[in-house]
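Okay, so here's the structure we're looking at.
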Amino acid sequence: MDSNEEFLKSDFEQYHEWMRHYDKSFSSMINFLYSGYAAVITASYVIVSKYPKAYDAKLGATLLLSFAALLTPVFIYWLMKKRKYFVDTARWVNRIRSAFLKQAPLGIDKPAAKWETPEYPPYFNSTSTQIIFLYFTAFCGAALNSISAVSAVITGGFIKSFADVPIWIYLICLFVFSAIYIVWIRCYLMGLEKAHE
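In numbering that gives the first Met the number 0, the protein residues as written are 0 to 196.
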């Protein structure tokens with residue numbers, strides 16, 4: 000094996016490790032985020048149920064929910080960046096693989112086309128588990144935004160309790176926040192694709 004082949008082999012192995020790293024770190028971030036959502040909702044519920052008449056408890060729960068809701072766009076952006084790093088690394092792995100497979104090693108003459116295409120995977124692929132998790136994160140963040148908005152209205156004294164709010168208010172808030180996040184995710188990732196054309 001000459002020095003160029005040795006370099007490409009080493010590069011391929013290292014980039015493959017980086018690809019695994021980005022995929023694993025994406026999953027770890029998702030686990031952390033969903034655990035955080037569960038903790039915030041549980042803590043808010045415990046605070047309000049322990050002290051149902053106390054204004055400070057309502058205010059504390061509202062601030063906790065609002066803080067978590069404000070962090071949602073930060074985490075979504077962070078996850079989109081992880082997706083970008085994963086795709087960039089996977090594309091380089093495919094480029095090296097393509098160069099190797101063009102030599103028809105071991106008689107392989109028709110390998111799987113997508114695994115040797117430098118444009119694969121796309122930044123935005125609606126069937127990718129990373130994109131599905133991004134959408135689910137957008138939905139969870141939208142739900143948290145909706146709950147914190149209604150909680151702020153209750154804390155402000157405009158409504159007495161969550162039971163007094165019609166369900167359609169929650170659904171409208173959930174739809175609006177989800178749509179905003181999903182449009183942002185699609186535009187950002189599709190914009191990356193256009194930038195790399």
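Don't be surprised by glycine CBs; every beta carbon is placed ideally from N, CA and C.
Item: CB-CB under 8 Å to A151, same chain, minus the five flanking residues each way: which ones, in chain order?; Value: T61 and S65
Item: In the DSSP assignment, find the unbroken alpha helix (DSSP H) run with Y76 in it and report its ends.; Value: Y54 to L100
Item: Quick check on F157: buried or exposed, where buried means 16 or more other Cβ atoms within 10 Å of its Cβ?; Value: exposed
Item: Three-state secondary structure (DSSP) at N144?; Value: helix
Item: Out of K49, P51, E16 and F6, which has the shortest C-alpha to C-alpha gap to F199?; Value: The requested residue 199 is not part of the displayed model; the chain covers only 0 to 196.
Item: Can you tell me where the alpha helix (DSSP H) holding K193 begins and where it ends?; Value: I166 to A194
Item: So for K159, helix, strand or coil by DSSP?; Value: coil
Item: I believe L191 touches K83 by the beta-carbon criterion, under 8 Å. Please report the beta-carbon distance rounded to the nearest angstrom.; Value: 6 Å
Item: Can you confirm whether the segment 31 to 38 touches the segment 135 to 153 when touching is taken to mean that 3 or more C-beta pairs between the two stretches lie within less than 8 Å?; Value: yes
Item: Can you find a C-beta in chain D that's less than 7 Å from the C-beta of P120?; Value: No chain D is part of this structure, which consists of one protein chain only.
Item: Among G155, L58 and N144, whose alpha-carbon lies nearest the alpha-carbon of C172?; Value: N144
Item: Between W167 and F176, what straight-line distance do the alpha-carbon atoms span, to the nearest angstrom?; Value: 14 Å
Item: Where R96 and K193 are concerned, what is the direct C-alpha to C-alpha distance, given to the nearest angstrom?; Value: 24 Å
Item: Find out if the Cβ-Cβ distance for the pair A56, V47 is shorter than 7 Å.; Value: yes
Item: Can you give me the C-alpha to C-alpha distance between F132 and I153, rounded to a whole angstrom?; Value: 31 Å
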